[in-house]
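Heads up: the protein sequence lines correspond to chains X and U, in order. Heads up, the first sequence is in the working numbering, so the first residue is 1 and it goes up one at a time. Heads up, the second sequence is in the working numbering, so the first residue is 1001 and it goes up one at a time.
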Amino acid sequence: MAGKVKDEIQYDHNHDGIDRRGFLKCMAWAGTGALCVMSGGVLKSYSLSRLPEMSSKEAMGELSFVQISDSHMGFNKPANPDVAGTLKVAVDKINALSAAPEFMLHTGDISHLSKPEEFDTVDQILKSAKPQDVFYVPGEHDVLNDDGKQFLERYGKGSKGGGWYSFDKKGAHFIGLVNVINLKAGGLGTLGHEQLEWLEDDVKHLKHSTPIVVFAHIPLWSVYPEWGWGTEDSAQALAYLKKFGSVTVLNGHIHQTMQKVEGNVTFHTASSTAFPQPQPGKADSPGPMRVPAEQLKSVLGITDVNYVQGQHALAVVDSTLA
Amino acid sequence: MRRSVSIAVLTMALVVGLGAIGIGQRSVLEGAQQKAETTEVKIDNFSFGPGTLTVPAGTTVTWTNSDDIPHTVVSTDGVFKSKVLDTDEKFSFTFSKAGTYPYFCSIHPKMTGKVIVQ
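Structure below.
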């Protein structure tokens, strides 16, 4: 034990298998967000955990923002008894960036049980982040018991229908979609007819060279439908975005990072700031992955999977943003 | 004669009555046993167990969430709907009418189950 590398997690068998300091350190890989940099109309995404290894040039672009996801404030089970602590770690990392991102996107599951105090805690923690603007979309945990009424009151000002909206930043068009309401038995995430109509209309007037960033909680591609990791009618939404040269889709929900390129569309999922979930099909259910001492190393191994470099050959649009 | 007939009738009535009580007790016991065996549905590992539950009319079914993640129990046809159930929280519903009642977790709609009331 004496020869232990300083960075390794210290734990205490007499307690719950891990001390707080070691725990936060161990969870640091989970307690992160993604820095998204728009450069030449193409968006790249970097894990905040690996930023020290990045050159400042890489971290710059016309526009940079941060995606955080799945804070699950109120969760207190063994997989992570301190979700407030890990969210603070994410905020610290954001604040340590050499250039402050323009804003933050939160891709849902802000709270664990839709309790007002859970939302309050997240709001309080995010206040200490340098970027003050936060754009939210709800996760299924944010719309419990009231079909999202409380969420809309808190975060939905100026949004349409169930909370969807769009905005423009430095020539890029951002679209926040809601796919966690009115879920049907046996089904996946759902956007619904009304929202799809709105989306079609929202992008109709845009030039084909406009970079598009879509963000929603449940993945808009079929990650693993057996666990509900997909959206029933996402194909229709993506059909409306076909004409654009660069489309980036940012999701949460699955508590791990994944990337996929399909034609003009790049899909990213963000890790959770709260707890990890197993890789698709690698467990009996998508329940929280616990991090007991003896499994620590294998879980830490996932850090590598979490590394999102974003060096795929993304579709390049024919104009750059000035 | 008349008297003995009366006694016989009375005795028969008594026997039948006792028998009825006996049957009554037995069916109550059977009901209780059936209840004890089948009225609990456990929510575990993102699934309802048993997935299909058959009960006599009048049975109260109780769902208990044993997962680390909250779930709900929502009738597909709008017959019943639980509040969100956190770990170890329960929801009960009494099925008075015969029929098939499909339900699901409205948070994780891949989770489905069914109660058949006879």
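Note that the Cβ used here is the ideal one computed from N, Cα and C, for glycine as well.
query	result
When the cut-off is 8 Å and only beta carbons count, does Lys-1083(U) lie next to chain X?	yes
Considering only their Cβ atoms, is the gap separating Val-91(X) from Ala-34(X) smaller than 8 Å?	no
Excluding the 5 residues preceding and the 5 following Lys-1081(U) in the sequence, name in chain order all residues of the same chain whose CB lies nearer than 6 Å to its CB.	Val-1074
Which term fits Thr-1094(U), buried or exposed, when burial requires 16 or more other beta carbons within 10 angstroms of its beta carbon?	exposed
Given a cut-off of 8 Å on the beta-carbon distance, is the pair Ile-254(X) and Pro-219(X) in contact?	yes
Kindly list, in the order they appear in chain U, the residues whose Cβ is closer than 7 Å to that of Lys-184(X).	Pro-1109
So which residues on chain X does Thr-1112(U) lean against when the C-beta distance must stay under 8 Å?	Ala-185 and Gly-186
Cβ closer than 8 Å: which chain X residues qualify as neighbours of Asp-1088(U)?	Result: empty, since nearest Cβ-Cβ is about 11 Å, beyond 8 Å.
Where does Leu-151(X) fall in DSSP's three states?	As written in the sequence, residue 151(X) is Phe, which differs from the Leu given in the question. The answer is helix: DSSP assigns Phe-151(X) an H, G or I state.
Can you confirm whether Ser-1106(U), when its beta carbon is compared against all beta carbons of chain X, has any partner nearer than 8 Å?	yes
Does the beta-carbon of Asp-70(X) have 16 or more other beta-carbons within 10 angstroms, so that it is buried, or is it exposed?	buried
Does any residue of chain X bring its CB to less than 8 Å from the CB of Ile-1069(U)?	yes
Please decide whether Asn-179(X) counts as near chain U, where near means a Cβ-Cβ distance under 8 Å.	no
Throw me the rounded Cβ distance for the Phe-151(X) and Gly-163(X) pair, which I believe falls under 8 Å.	7 Å
Shorter than 8 Å from the beta carbon of Gly-287(X) to some beta carbon of chain U?	yes
May I ask which residues mark the beginning and end of the beta strand (DSSP E) holding Phe-1091(U)?	1090-1095
Which of helix, strand or coil does DSSP assign to Leu-105(X)?	strand
Classify Asp-1044(U) as helix, strand or coil using the three-state DSSP reduction.	strand
Between Asn-1045(U) and chain X, is any beta-carbon pair separated by less than 8 Å?	yes
Given a cut-off of 8 Å on the beta-carbon distance, is the pair Met-258(X) and Val-213(X) in contact?	no
Give the residues of chain X in contact with Pro-1050(U), contact being defined as C-beta atoms less than 7 Å apart.	Under the 7 Å cutoff, chain X gives no residues; its nearest Cβ is about 17 Å from Pro-1050(U).
Check whether the Cβ of Thr-1076(U) lies closer than 8 Å to any Cβ atom in chain X.	yes
Hey, could you find the ends of the beta strand (DSSP E) Gly-245(X) is sitting in?	First-last for Gly-245(X): undefined, no H or E at that position.
Note the first and the last residue of the continuous beta strand (DSSP E) segment covering Trp-1063(U).	1059-1065
Under 8 Å, do Gly-189(X) and Asn-182(X) count as touching if we go by C-beta distance?	no
In chain order, what residues of the same chain have a beta carbon less than 7 Å from the beta carbon of Phe-1048(U), not counting five sequence neighbours either side?	Val-1041, Met-1111 and Gly-1113
Against chain U, which members of the segment 241-261 of chain X pass a CB distance test of less than 9 Å?	none
Using only the alpha-carbon positions, how far apart do Ser-39(X) and Leu-1053(U) sit?	57 Å
Taking the alpha-carbon positions, what's the Gly-85(X) to Trp-229(X) distance?	27 Å
In chain U, which residues lie with their C-beta within 8 Å of the C-beta of Lys-77(X)?	Asp-1068 and Thr-1087
Answer with yes or no whether the minimum CB distance from Gly-1031(U) to chain X is below 8 Å.	Because Gly-1031(U) sits at a pLDDT of 45, beneath the cut-off of 50, its placement in the model cannot be relied upon, and the following sentence gives the value as read from the coordinates. Closer than 8 Å: no.
Cβ closer than 9 Å: which chain U residues qualify as neighbours of Asn-356(X)?	Summary: the structure shown does not reach residue 356(X), with chain X confined to residues 1 through 322, and so no result is reported for it.
Against Glu-117(X), what residues of chain U qualify as contacts under a CB-to-CB distance less than 8 Å, listed in chain order?	Those within 8 Å of Glu-117(X) in chain U number zero; the least Cβ separation is about 14 Å.
Starting from the Cα of Val-249(X), find the closest Cα among Ser-271(X), Ala-216(X), Phe-65(X) and Pro-280(X) and give me that residue.	Ala-216(X)
Among Gly-186(X), Lys-204(X), Val-89(X) and Glu-262(X), which residue has its Cα nearest to the Cα of Tyr-999(U)?	In the structure as shown, chain U starts at 1001 and stops at 1118, and residue 999(U) therefore has no counterpart that could be examined.
Counting only beta-carbon atoms, is Leu-152(X) nearer than 8 Å to chain U?	no
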